[in-house]
Every structure is written in structure tokens, then in C-alpha cells.
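In full-length UniProt numbering, the protein residues as written are 1 to 284. So the structure is just underneath, and the comments pick up after that.
Here it is as C-alpha cells:
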């Protein structure tokens with residue numbers, strides 16, 4: 001028999017919510033309890049179980065004491081292990097590896113949220129992310145799931161979202177006024193680069209590929225420095241940039257389809273579960 005009193009995981013979950021939300025009221029909303037019930041839980045935890053002060057109250061704000069900070073680290077670890085036990089025993093088949101292929105475009109914008117939510121439910125599944133162009137991904141046979149960009153009328157797989165390509169440059173810069181127009185674009189096997197160049201050719205505007213890379217972050221760094229403009233999916237344009245159009249003498253660009261392709265030769269519950277998370281993630 002243990003010499004120490006036990007701490008219920010519900011109490012630890014409430015404690016973590018208070019730490020994350022900075023107050024009892026907002027924490028209560030997170031764990032679906034009234035403020036008085038949350039206060040009672042924490043009073044028992046402080047006075048009866050641990051006999052340590054865990055909170056410092058400053059008006060409506062609640063901060064953790066040094067002892068509270070120590071408990072917070074343990075509480076997060078305990079809750080994580082608790083979740084892993086239930087996920088593993090309830091769904092023991094949800095252990096393994098999934099290989100995802102995606103262009104660099106979508107890694108920073110979509111994957112962090114998708115993979116974070118997936119890991120909460122299935123922490124024992126290992127994810128391999130392979131960043132390559134759409135053309136390269138379509139040639140691979142070893143990936144379980146591939147996220148690719150396709151032209152309208154040439155879609156394959158499941159549609160995640162439709163999105164238009166736009167021109168963009170850094171705020172407070174006027175790279176679009178230069179002649180020839182400096183472009184920062186993906187490598188030559190990217191069809192969005194072909195779209196942009198064809199559109200400029202059709203309107204007779206002089207341009208040059210000033211910066212060329214397979215990395216979106218590299219291209220955006222160049223654009224943010226005011227050295228060139230780029231053409232990217234609208235959702236990839238960051239807050240330090242502005243979208244350009246007819247007012248800057250730039251042509252309208254077409255819409256693209258972002259597709260999810262499953263490897264039908266190697267189906268599994270793990271792969272399908274991650275596919276569902278990807279579908280939901282691209283709706284956000």
C-alpha cells in the first residue's frame with residue numbers, strides 16, 4: 001500500500017488548465033467545471049494532498065509558485081503517459097510509421113497543426129516527412145500519403161482545397177516597379193513558375209528569374225528583403241507581405257488544386273487515420 005496520497009488525473013488536468021489559461025474561470029471552461037468546483041479541487045490539492053502553496057493570486061490573474069512550477073512539469077508528463085497508455089491499449093494497432101510526401105510549400109503552413117493534433121491521439125506513431133516537388137512525389141511508390149499541387153482539370157486523389165495563386169512582395173518595398181521584373185520562384189519543374197512566366201509573356205512584361213530555389217523559406221526570405229516578387233498560393237503569403245495585382249500591372253494567375261493521394265498498394269488504419277487529420281487540417 002502506498003505511503004503517499006494519490007492525485008487524480010482529473011485534478012492534474014484542471015491544474016494544467018489553470019497554468020495554461022492563467023485563471024480559474026477560463027480553466028473551468030476548458031475542463032467543463034464551474035469556478036467553485038475548480039477552486040475546491042485546488043484547495044484540496046494544496047492543503048490536503050501536497051500541503052504546499054501552488055498559486056500566487058494577483059487580482060484575477062493566477063501565477064504558479066516555485067512548487068507549482070515543479071508540479072506542472074510532472075503533471076504534463078503524467079497526463080501524457082496516461083494518454084499513451086489508453087491509446088495503446090484501446091487501439092494497439094495504432095503503432096507504426098507513416099511516410100508523408102509534400103512540397104516544401106505546405107510544411108510550415110499546414111503540417112505543424114495537423115501533426116500536433118494527430119500526436120495527441122496517437123503518440124506512438126512515427127511520422128516520416130519527405131519534402132519534394134509535386135513532380136518528384138508523383139514518381140515515388142514508397143510513400144503512404146502525398147500532398148500535391150495540381151492544375152485544374154488534372155486532379156488526382158482527394159481534393160483538400162482549391163486556392164488561387166497570387167503575386168506578392170514585401171511591405172514597404174516596390175520591387176514590382178523594377179524593369180526587368182525580378183522574380184523569386186521555385187525550380188523549373190514547378191508548374192506554378194510556368195504559369196507565372198507564361199502570364200507575364202502574354203502581357204509582354206519584361207522579367208528575369210532573379211532567385212531560384214526549391215525551398216519556400218529561402219524564397220520568402222528573398223522577397224521579405226525587398227529583392228524580388230514571387231507568385232505563391234494565397235494562404236502562404238505572410239503578414240509582412242502584400243498581394244499585388246492589376247494596379248501593379250501584373251496579370252491574374254489561375255487557381256490550383258491541393259490534392260491528397262493515398263498509396264492504394266499499402267493501405268492501413270494508421271494511414272487512413274492520418275489522412276483524415278490531413279483533410280481536416282486543410283480546411284482550417
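Note that CB positions come from ideal geometry on N, CA and C, so glycine has one too.
In this structure residue 192 is buried. Its beta-carbon is surrounded by 16 or more other beta-carbon atoms within 10 angstroms.
Taking residue 75 as the centre and dropping the five residues before and after it, the same chain places the C-beta of 12, 15 and 16 closer than 7 angstroms to its C-beta, in chain order. A check of alpha carbon separations from residue 233 across 54, 110, 210 and 132 identifies 110 as the nearest. Straight through space, the alpha carbons of residue 171 and residue 181 are spaced by roughly 17 angstroms.
Closest option to residue 140, judged by alpha-carbon separation, among 265, 10 and 183: 265.
With contacts defined as CB atoms closer than 7 angstroms, residue 128 and residue 164 fail to qualify as a contacting pair. For residue 268, no alpha helix (DSSP H) run applies, since DSSP gives it neither H nor E. For the pair residue 260 and residue 157, the CB atoms are nearer than the 7 angstroms cut-off. For residue 8, the closest C-alpha among the options 230, 34 and 42 is that of 42.
In the structure shown, residue 237 falls within a coil segment according to DSSP collapsed to helix, strand and coil.
Where residue 15 is concerned, the enclosing alpha helix (DSSP H) starts and stops at 9-21. Under the DSSP definition of a beta bridge, residue 167 partners with 231 and 244.
Between residue 227 and residue 275 the beta-carbon gap is near 39 angstroms, outside 8 angstroms, which marks them as no contact.
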